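**Student:** Heads up: the sequence shown at position 225 corresponds to 629 in the working numbering, and the numbers run straight through without jumps.
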Amino acid sequence: LFAPRLGWRDVPLRDMLSALTKLPVHIENSGRACALAQLWASRTDTGSFGDFAYVSVSDGLGIGIVVRGELLRGRHNVAGEFGHTPLNVDGPPCACGAAGCWEAYVSNLATLSRYFGREISPRKPIPAEISQFTVEDLIARARGGDGKAVAALQATAHYLGLGLASLVNAVDPARIYLGGEIIGAWDMIEATLRQAIAARALRPAATDIEIITVPSQDNPRLRGAAALI
405 LFAPRLGWRD VPLRDMLSAL TKLPVHIENS GRACALAQLW ASRTDTGSFG DFAYVSVSDG
465 LGIGIVVRGE LLRGRHNVAG EFGHTPLNVD GPPCACGAAG CWEAYVSNLA TLSRYFGREI
525 SPRKPIPAEI SQFTVEDLIA RARGGDGKAV AALQATAHYL GLGLASLVNA VDPARIYLGG
585 EIIGAWDMIE ATLRQAIAAR ALRPAATDIE IITVPSQDNP RLRGAAALI
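Okay, structure coming up:
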């Protein structure tokens, strides 16, 4: 229905792919696919089902919510779109067309924008010097002592924590799985992220919520696609 990063609206992708491949095709949001992968991986362990959230920080912000062992999709298949909850209605532009969304503060582009000291709209072409620079490059510079890189990561960690606090307040998950390029700096950002959660979470125990990082090598999106089938 709407893929903001691609600029697609009302594209019948499933039917198009099915017609071209002559195969049945299923479509799922990447954040929910990651949650489904985690749910599928733990399906033999009834104690690990519970309630959890999967947050994938990348070009966008994908989120999947599992409650009592069931992946939430909602009436119109948009459940869990916390990435477009506003942190500040006067904030930076978001790919969805609004301003100040959580995604606009924590996406890879947002982190790189801070490092380069310029606001870059995801709705416009990204300058070459930034499009060729990755969050992994930024993390490497931070580990090498680049103060600007460290500051950019810490700012993203702060905003990521604020958004996670809202998620905790809304669905009270037993644990959060966190994926995306920025977790390569988890040892550098965890304390800042948890401080932000503690500042906004209504439940004091939320400060100790279990947060499990999922490396990209685990291919959660692909595993989620397989589980979907």
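For every residue, glycine included, the Cβ atom is placed at its ideal position computed from N, Cα and C.
In this text, all values refer to a predicted model and were calculated from it rather than measured experimentally.
Could you check which residue in G551, L440 and D612 has the C-alpha nearest to that of R579?
**Tutor:** On the sequence shown, position 175 is the one that residue 579 refers to. The shortest Cα separation from R579 among G551, L440 and D612 belongs to D612.
**Student:** Suppose contacts are defined by Cβ-Cβ distances below 8 Å. Is S462 in contact with G588 by that definition?
**Tutor:** What you label residue 462 is simply residue 58 of the sequence shown in a count that begins at 1. What you label residue 588 is simply residue 184 of the sequence shown in a count that begins at 1. Not closer than 8 Å, so no.
**Student:** Report the partner residues of C505 according to the DSSP bridge assignment.
**Tutor:** Position 101 of the sequence shown, counted from the start, is the residue given in the question as residue 505. C505 pairs with P490.
**Student:** Where does V429 sit, in a helix, a strand or coil, going by DSSP?
**Tutor:** In the sequence shown, counting from the first residue as 1, residue 429 sits at position 25. V429: coil per DSSP, three-state reduction.
**Student:** Can you tell me whether I431 is buried or exposed, with buried defined as 16 or more other CB within 10 angstroms of its CB?
**Tutor:** By one-based count along the sequence shown, residue 431 stands at place 27. The residue in question, I431, is exposed, as its Cβ has fewer than 16 Cβ neighbours within 10 Å.
**Student:** Distance check for I467 and A441, CA to CA, integer angstroms please.
**Tutor:** Working through the sequence shown from its first residue, we reach residue 441 at position 37. Working through the sequence shown from its first residue, we reach residue 467 at position 63. When the Cα atoms are used, A441 and I467 turn out to be separated by approximately 13 Å.
**Student:** Going by DSSP, what residues sit across from F456 in a beta bridge?
**Tutor:** Walking along the sequence shown from the start, residue 456 turns up at place 52. Its beta-bridge partners are V470 and R579.
**Student:** Looking only at its chain, what residues have a beta carbon closer than 8 Å to the beta carbon of Q621, apart from the 5 residues adjacent to it on each side?
**Tutor:** Position 217 of the sequence shown holds residue 621. Non-local beta-carbon contacts of Q621 in its own chain, meaning distances under 8 Å to residues more than five positions away in sequence, are absent.
**Student:** Taking 7 Å as the limit between beta carbons, can you name the residues of its chain near A546, skipping five residues before and five after?
**Tutor:** Taking the first residue of the sequence shown as 1, we reach residue 546 at position 142. A553, V554, L557, A589 and M592.
**Student:** Does DSSP put F537 in a helix, a strand or coil?
**Tutor:** Position 133 of the sequence shown, counting from 1, holds the residue named residue 537. Here F537 sits in coil by DSSP.
**Student:** In the DSSP assignment, what residue or residues form a beta bridge with F406?
**Tutor:** Position 2 of the sequence shown, counted from the first residue, corresponds to residue 406. Beta-bridge analysis with DSSP links F406 to R413.
**Student:** Under the three-state reduction of DSSP, which class applies to I586: helix, strand or coil?
**Tutor:** Position 182 of the sequence shown, counted from the start, is the residue given in the question as residue 586. In this structure, I586 counts as helix in the three-state DSSP scheme.
**Student:** Can you name the residues that DSSP bridges to I615?
**Tutor:** Counted from its first residue, the sequence shown places residue 615 at position 211. DSSP output for I615 lists I580 as bridge partner(s).
**Student:** Would you say A561 and L597 are within 8 Å of each other, going by their C-beta atoms?
**Tutor:** As a first step, residue 561 must be located in the sequence shown, where it is residue number 157. As a first step, residue 597 must be located in the sequence shown, where it is residue number 193. Result yes, Cβ atoms of A561 and L597 sit closer than 8 Å.
**Student:** According to DSSP, is P624 part of a helix, a strand, or is it coil?
**Tutor:** Within the sequence shown, numbered from 1, the residue matching residue 624 stands at position 220. P624: helix per DSSP, three-state reduction.
**Student:** Pull up the distance between the alpha-carbon of K426 and that of G628, whole angstroms please.
**Tutor:** Within the sequence shown, residue 426 is the residue found at index 22, counting from 1. Within the sequence shown, residue 628 is the residue found at index 224, counting from 1. Approximately 22 Å, taken between the alpha carbons.
**Student:** So, are the CB atoms of L626 and V459 less than 8 Å apart?
**Tutor:** Mapped onto the sequence shown, residue 626 falls at position 222. Mapped onto the sequence shown, residue 459 falls at position 55. No. Outside cutoff.
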